[in-house]
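Below is one structure, written out as structure tokens; comments come after it.
Chains as they are written, first to last, in the numbering used here: chain W, 3 to 486; chain Y, 46 to 528.
Right, here's the structure in full:
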């Protein structure tokens, strides 16, 4: 059987740290990189008699996330205890959710170059993170370490776990979905989405089956991938591994795997326990969450347009390319800036200027457009002048540079510096005639059909006019004259 | 003139306020009895801090409401810097980082904690014989148990080592020892008192409540510990403030009598004492109405699924890594867990952890835990129905008086049966008080009165009227003989 005879079935689980000030069930501050064990209390250290109290802000963020994922928000949501012993879990149970998650089923739409796609969201639930184990001695892994020490600062960090339906069949789609999901959550202020620091992590459940069949093969779980590229490559590698096994007549073992991005290899991870029986049962220390329905609706209504919707609108209504829209939607601020420019200038030109010239010029200053001297209105003005050929393109860029350096009004800059395009046709004609007279060799080349030489003449014209000539018009006149 | 230790808490407060007695005198008098602890009521004394606090309060012109009167606290409640063990080897020498909300409220109101009282390990037991630090003895007969799990808190009050105390009740752990020691013990409505700082046994059942020698003292104590707590989201407080009861009759009060609990399985002497108390209730104007609680017979089996299930998770934190007992020289993590817990926990605790772990296991969950939850709902519905036609429900607190030491330790089922009358009420989350109502062969018998959720004031009023009519003498004769 060839590799094409199989199709993959992929589901994703995402853990996103919520951007609350305090932990999920106690008042300890959330922070990254502080001294170990300074953000702890009887609750998150599981001292005798301590009780959890649900963080209301985490609930609010989870509901907003649910709305953004197109999820139902059930009337009632409860917490469960997930029991297992490990030193990073001080209560020896994790407070999580089981059959009544904060967010019910939903669908998330995302864009690919092949068009818009949709992925079913099974659920999203709240839980607390474990503490951080540090293995000392050996090579830093648990096996062979001399000792393991625990930093409880991270213990109890609020997490939103998002589980998708196993509806993906393609690693690239999985990566596209995750990129847009991340962007949506980041732009809503739900998580900082920092994958390197682990504030967003993704696991993939992967199985393969004969193409066209409906059954499910044995799945493996690819754990904790911390970049979209690795996720895509990891899934590809796992599909290839499973395909090779089946083709060789073998069987897939259900196991937890790790993708090594350096070697591209897949390793089996030893699980925490041999047999997982988490003995879930309802958390008796917490009352159920029953969010006020009017408030839930209020949160839904106040949801800003998602980056995915923005991209879709820009492409459909404003004629932006897939790539333009993708780049401009990268941050809410950039998207907002673009929209304000597009309000006073043609959208396509606005997109080109914002993601092209403006960002290029600002890069060396380390500035973002919305932080710069260039107001969207001013950039719109520059674009409008360039489109109307009131300034040449090189001079339009010069006006932008001046604006970045010193601020001001684009028209005033053009006026003061005499950068306006030559609008007197007679003046341009005289210039072209002079260039023809001065450069007989190049004129001959043009006559011989070497169109490239037009660039030479345009350059000369710009030089002679300090960029005020309209390069297009110069070319046209040149052709007219030479052809005559 | 009676000894200061014979005074009720209310009388002690009045005496200090009237300038007839100082807090220091009260604290000293009680500490003297605590130090001579022939009943093993206490696991730790707070002598120095208590005396210092008494001097502080005595120096105040404007005294706090509880005026420096002593109190004993069950060792299941954490007290900052004061060793708290929950009766377990696992927490030997453990000094908590914080104080339980209910204790902190009492201290703020001017009560002085004289010591921590003995208990069945992690509140699991009905005789205080499961304490890792030896059993507590009943002040009425030192050959008998004081009941449990709050046996130390009950015996301390009965033996005049404290005028009142705090206990915790999961399936009867306040009411049953109160009955067996001839004092008043009250379990509030679930959610009335904060559990923050109560070392958990079964979270959905645990409630802190008062022991005292009078109903009025018990009500006064509850008034200081009940109330919402931002640290316990299951705690909603009472709907109306606790009033110190003054009722002297029961006219118009309909009392439901649970005939199932007055028949087989209940000792004749207990039944007789309870009947007599009910006759007095009728004389005081109450109407007696037989009530049926058909599902209550499943109470014990339901309880012994749910409570162990919760405890199996609640006690999992004792892993020897952050605090408490930690087994030395183990080779790997699994061995460390196993040995720490094998050494730190006693037999009954291990039995319940194993029961609970089994009840929650995949494949058994629905048949055990799920089924028990459904029965729990039925039991609560029985009470709801009963309270449509009665105001209160009466029964014995315990089917027998205090039993001899070691007589049931080898027979867990027999031991569990001593909570048959109290457990259904716990499962329904209802308030319930036990008052002494007579003697059976020289040992006290408890009458249990229970009401609908948040009916504490009604309950205290009825208990107060009956208490006066019964006229029970809470002083154990053995105590006088020993003194």
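Just so it is clear, CB atoms sit at the ideal spot from N, CA and C, and this is done for glycine as well.
In this text, all values refer to a predicted model and were calculated from it rather than measured experimentally.
Expected contact under 8 Å - CB spacing of residue i and residue j to nearest Å
i	j	result
residue 89 of chain W	residue 152 of chain W	6 Å
residue 405 of chain W	residue 386 of chain W	About 14 Å separates the two Cβ atoms, so there is no contact after all.
residue 491 of chain Y	residue 224 of chain Y	2 Å
residue 212 of chain Y	residue 230 of chain Y	7 Å
residue 481 of chain Y	residue 228 of chain Y	7 Å
residue 160 of chain W	residue 60 of chain W	4 Å
residue 124 of chain W	residue 166 of chain W	6 Å
residue 226 of chain Y	residue 159 of chain Y	Residue 226 of chain Y to residue 159 of chain Y, Cβ: 18 Å. No contact.
residue 312 of chain Y	residue 444 of chain Y	6 Å
residue 339 of chain W	residue 356 of chain W	7 Å
residue 98 of chain W	residue 127 of chain W	7 Å
Distance, residue j Cα to residue i Cα
i	j	result
residue 113 of chain Y	residue 143 of chain Y	21 Å
residue 394 of chain Y	residue 132 of chain Y	11 Å
residue 252 of chain W	residue 245 of chain W	10 Å
residue 353 of chain Y	residue 400 of chain Y	6 Å
residue 240 of chain W	residue 332 of chain W	29 Å
residue 161 of chain Y	residue 469 of chain Y	29 Å
residue 71 of chain W	residue 109 of chain W	6 Å
residue 222 of chain W	residue 279 of chain Y	40 Å
residue 502 of chain Y	residue 287 of chain Y	6 Å
residue 196 of chain Y	residue 410 of chain Y	33 Å
residue 38 of chain W	residue 158 of chain W	14 Å
residue 49 of chain Y	residue 57 of chain Y	7 Å
residue 447 of chain Y	residue 187 of chain Y	10 Å
residue 182 of chain Y	residue 467 of chain Y	22 Å
residue 392 of chain Y	residue 251 of chain Y	21 Å
residue 337 of chain Y	residue 476 of chain Y	18 Å
residue 292 of chain W	residue 15 of chain W	25 Å
residue 138 of chain Y	residue 377 of chain Y	25 Å
residue 476 of chain W	residue 468 of chain W	14 Å
residue 9 of chain W	residue 217 of chain W	11 Å
residue 454 of chain W	residue 389 of chain W	24 Å
residue 177 of chain Y	residue 166 of chain Y	6 Å
residue 274 of chain W	residue 99 of chain Y	Bear in mind that a pLDDT of 46 at residue 274 of chain W, under 50, signals an unreliable position, so the number given afterwards is only what the model happens to contain. Their Cα atoms are separated by approximately 53 Å.
residue 134 of chain Y	residue 88 of chain Y	12 Å
Cross-chain neighbours of residue i in chain W, by beta carbon under 7 Å
i	result
residue 244 of chain Y	50 and 51
residue 123 of chain Y	50 and 51
residue 414 of chain Y	283
Listed by chain order, chain Y residues near residue i by CB distance under 7 Å
i	result
residue 44 of chain W	142 and 143
residue 287 of chain W	248 and 279
For residue i, the residue or residues it bridges with in DSSP
i	result
residue 450 of chain Y	For residue 450 of chain Y, which the question treats as bridged, DSSP gives no partner whatsoever.
residue 79 of chain Y	Partner(s): none; residue 79 of chain Y has no beta bridge.
Interface residues of chain Y facing residue i [CB-CB closer than 8 Å]
i	result
residue 279 of chain W	406 and 407
residue 94 of chain W	358, 361, 362 and 364
residue 47 of chain W	367
residue 55 of chain W	275, 276, 277 and 278
residue 83 of chain W	358
Amino acids of chain W, ordered along the chain, whose beta-carbon sits closer than 8 Å to that of residue i
i	result
residue 136 of chain Y	50
residue 354 of chain Y	283
residue 402 of chain Y	281
residue 131 of chain Y	50
Interface residues of chain Y facing residue i [CB-CB closer than 9 Å]
i	result
residue 87 of chain W	361, 364, 378, 379 and 382
Per-residue contacts from residue i into chain W (C-beta, under 9 Å)
i	result
residue 240 of chain Y	51, 53 and 287
Below 8 Å, can you find three or more Cβ-Cβ pairs linking the segment 258-276 of chain Y to the segment 178-197 of chain Y? no
Kindly confirm or deny that the segment 382-398 of chain W and the segment 443-457 of chain W touch, where touching means at least three C-beta pairs closer than 8 Å. no
Would you call the segment 297-313 of chain Y and the segment 429-448 of chain Y in contact, with 3 or more CB pairs under 8 Å? Taking 8 Å as the limit for Cβ pairs, the verdict is that the segment 429-448 of chain Y does touch the segment 297-313 of chain Y.
With three or more beta-carbon pairs closer than 8 Å as the criterion, would you say the segment 340-356 of chain W touches the segment 310-326 of chain W? yes
Three or more C-beta pairs closer than 8 Å, one from the segment 325-342 of chain Y and one from the segment 502-521 of chain Y: is that the case here? yes
With three or more C-beta pairs closer than 8 Å as the rule, is the segment 208-222 of chain Y touching the segment 165-176 of chain Y? yes
Three or more C-beta pairs closer than 8 Å, one from the segment 135-144 of chain W and one from the segment 187-196 of chain W: is that the case here? no
Would you call the segment 351-366 of chain Y in contact with the segment 238-252 of chain Y, where contact means no fewer than 3 C-beta pairs closer than 8 Å? Contact annotation: the segment 351-366 of chain Y touches the segment 238-252 of chain Y, with at least three C-beta pairs closer than 8 Å.
Counting Cβ pairs closer than 8 Å, one from the segment 427-437 of chain W and one from the segment 400-416 of chain W, do we hit at least three? no
Is it the case that the segment 224-238 of chain W contacts the segment 171-183 of chain W, given that we only count it when at least three CB pairs across the two stretches are under 8 Å? yes
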